[in-house]
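Presented below is the structure to which this report refers.
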Amino acid sequence: MQLAPAGSKPLVEIPRWTVNLSIVGIILLASAPLLQIIIRFGPSIGYGQAISSVLFTFKEGRAYLIVVGLCILLLLQFLLFKNSLQEKKVLYPSVLITVCIIAIFGWSSHLGAIAGLAGAAIQFLHMLGVAVWIGILLVIAWFTQEARNWPAFLKWYTPVAIAGVLMILVSGLMTMSYTTPEYVNSWMLSYGQALLMKHLLFIPLIVFGFGNGFIYKHKLKSDPSFNPIPWLRAEAIIVILVFGFTAFMKLQTPPHEVAETLKYSEPSAVFTMLHPEASLPLSISLTAWALIPAIIALLSLGTIVYSFRRNRSRPGSSLIAGLVFVMSAYAAVMLCVQ
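Each residue of the sequence shown is one higher than the one before, starting from 0 at the first, in numbering that gives the first Met the number 0.
Written as structure tokens, this is what we have:
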């Protein structure tokens, strides 16, 4: 965000503690998968030996140590330089370090393990797209002090966001071809259920992005006093929900072969409740019962679009409509499973 031209961004003030806390958060959150392994093997070989083995013999452990080193370097830059977010001499190295951290995550990812360099590259592009599109969105949504230069900002940010979305879509589909080739069958597992919820949340997220990026561009011309920030915050809340499901998926086993995964993993409790007698392979078939939630989902999505065109609409109502869409669409999909 700070790399944008001065005349193409609103007044943004990011507290130093927020940046420092974000860096520390990377260190802490990145340790979660390692803790899972340590807790699994600790009782049998001892926790000291488990920690040593995970950190120094596992690929994920070595990658984590590199990430910690890069995060410490990044943290020192922000602690030693007061205007580190404004000084280009500090900002450019910080961006480079951040890209390196993303690359390390791609290299050590599950996709990198099963698909080699190609998998690591796909994961890197996916995370880079998220960082560019969502990272800027979150900063603007929560740290904008004054929405000045908004038309110029949209002119700069819109193509950047579109590029980020395309990177996420393409790399996401490629990721699924490796990790979830049996997409419909995967709904029987918690991993597949979370993935489905992510995809459904992505739809209102795109609608919000379209409204914030295109519809409100024209509204600002007729009403310069219009404040777009609450709408961006509504969009950001959907993003946070997507991140929540992503974090849950990181703790699950990707179902390359669902039948094999079910031998050592329990099926989703939600799916079992809805389809207690279901068996593989699953199929999709339109049913009369699915029409009602499907219609509600479409009406909810239409409500969001309509609210963008109204002058006195509230972002909170549109956010609720987006969540209603997700739940209704989920119900429609589950009712179509055979």
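We put the beta carbon where it would ideally sit given N, CA and C, even for glycine.
Look at the Cβ atom of residue i, then the Cβ atom of residue j, and state whether they are nearer than 9 Å.
{"i": "P203", "j": "F307", "result": "no"}
{"i": "P9", "j": "N148", "result": "yes"}
{"i": "V159", "j": "W141", "result": "no"}
{"i": "A146", "j": "P254", "result": "no"}
{"i": "F123", "j": "G105", "result": "yes"}
{"i": "L72", "j": "N184", "result": "no"}
{"i": "L136", "j": "A246", "result": "no"}
{"i": "L84", "j": "Q1", "result": "yes"}
{"i": "G321", "j": "V206", "result": "yes"}
{"i": "I101", "j": "A130", "result": "yes"}
{"i": "M166", "j": "G128", "result": "yes"}
{"i": "H109", "j": "S170", "result": "no"}
Could you please give me the residues that DSSP links to residue i through a beta bridge?
{"i": "E12", "result": "According to DSSP, E12 bridges with nothing at all."}
{"i": "I283", "result": "V336"}
{"i": "E145", "result": "L10"}
Taking the straight line between their C-alpha atoms, what separation do you get for residue i and residue j?
{"i": "P92", "j": "Q192", "result": "40 Å"}
{"i": "A151", "j": "P4", "result": "10 Å"}
{"i": "S267", "j": "M175", "result": "19 Å"}
{"i": "A328", "j": "L300", "result": "10 Å"}
{"i": "P14", "j": "L75", "result": "16 Å"}
{"i": "P223", "j": "L318", "result": "24 Å"}
{"i": "I161", "j": "E276", "result": "43 Å"}
{"i": "N19", "j": "T286", "result": "52 Å"}
{"i": "A49", "j": "I37", "result": "5 Å"}
{"i": "E265", "j": "I291", "result": "31 Å"}
{"i": "L90", "j": "N211", "result": "28 Å"}
{"i": "A99", "j": "V66", "result": "As written in the sequence, residue 99 is Cys, which differs from the Ala given in the question. One C-alpha to the other measures close to 9 Å."}
{"i": "V23", "j": "L188", "result": "32 Å"}
{"i": "W186", "j": "L250", "result": "16 Å"}
{"i": "G208", "j": "C70", "result": "31 Å"}
{"i": "L168", "j": "S107", "result": "21 Å"}
{"i": "G6", "j": "E12", "result": "15 Å"}
{"i": "H274", "j": "C335", "result": "11 Å"}
{"i": "A233", "j": "I303", "result": "11 Å"}
{"i": "G41", "j": "L54", "result": "13 Å"}
{"i": "F244", "j": "L34", "result": "19 Å"}
{"i": "I25", "j": "I121", "result": "21 Å"}
{"i": "K154", "j": "I44", "result": "57 Å"}
{"i": "M248", "j": "V332", "result": "20 Å"}
{"i": "E59", "j": "I96", "result": "19 Å"}
{"i": "L281", "j": "L297", "result": "25 Å"}
{"i": "F77", "j": "S30", "result": "22 Å"}
{"i": "W16", "j": "K81", "result": "12 Å"}
{"i": "T252", "j": "K88", "result": "42 Å"}
{"i": "Y190", "j": "M272", "result": "16 Å"}
Between which residues of its own chain and residue i is the CB-CB distance below 6 Å, once the five residues before and five after are set aside?
{"i": "A315", "result": "The amino acid occupying residue 315 in the given sequence is Gly; Ala does not appear at that position. Same-chain partners within the cutoff: there are none."}
{"i": "E181", "result": "V257"}
{"i": "T157", "result": "G212"}
{"i": "L261", "result": "none"}
{"i": "P229", "result": "P314"}
{"i": "G118", "result": "L110 and G111"}
{"i": "K405", "result": "Given a span of 0 to 337 for the chain in the structure shown, any question on residue 405 remains unanswerable."}
{"i": "I295", "result": "S327"}
{"i": "L194", "result": "none"}
{"i": "S51", "result": "none"}
{"i": "T179", "result": "S185"}
{"i": "I103", "result": "A62, I65 and V66"}
Between residue i and the rest of its own chain, which residues show a CB-CB distance below 7 Å, the 5 nearest in sequence each way excluded?
{"i": "L240", "result": "L200"}
{"i": "S284", "result": "C335 and Q337"}
{"i": "W288", "result": "L334"}
{"i": "V269", "result": "Q192"}
{"i": "L231", "result": "L136, I139, A140 and N211"}
{"i": "Y177", "result": "L110, I113, A114 and G118"}
Hey, is residue i's beta-carbon within less than 9 Å of any beta-carbon in chain D?
{"i": "S51", "result": "Considering every chain present, this structure includes no chain D. It has just one protein chain."}
Report all residues from its chain with a CB closer than 8 Å to the CB of residue i; omit the five preceding and five following residues, and keep chain order.
{"i": "F225", "result": "Y215, K218 and L219"}
{"i": "V238", "result": "I133, L136, L137 and L204"}
{"i": "V94", "result": "L2"}
{"i": "A293", "result": "S327, A328 and A331"}
{"i": "Y46", "result": "I37"}
Requested in this report: Return the chain-ordered ranges of every alpha helix (DSSP H) run that is complete within the stretch 15-86 and spans a minimum of 4 residues.
Outcome: Counting whole runs of 4 or more residues, the stretch 15-86 contains the alpha helix (DSSP H) stretches 15-29, 31-44, 46-56 and 58-79.
Requested in this report: Pick out the complete alpha helix (DSSP H) segments inside the stretch 255-331, 4 residues or longer, and give them in chain order.
Outcome: 257-260, 268-273 and 287-308
Query raised in the report: If you scan the stretch 106-133 from start to end, which runs of the beta strand (DSSP E) of 3 or more residues do you find wholly inside it?
Result: none
Report task. Could you pull out every unbroken alpha helix (DSSP H) segment of at least 4 residues lying fully inside the stretch 178-258, listed in chain order? Result -> 189-209, 215-221 and 228-249
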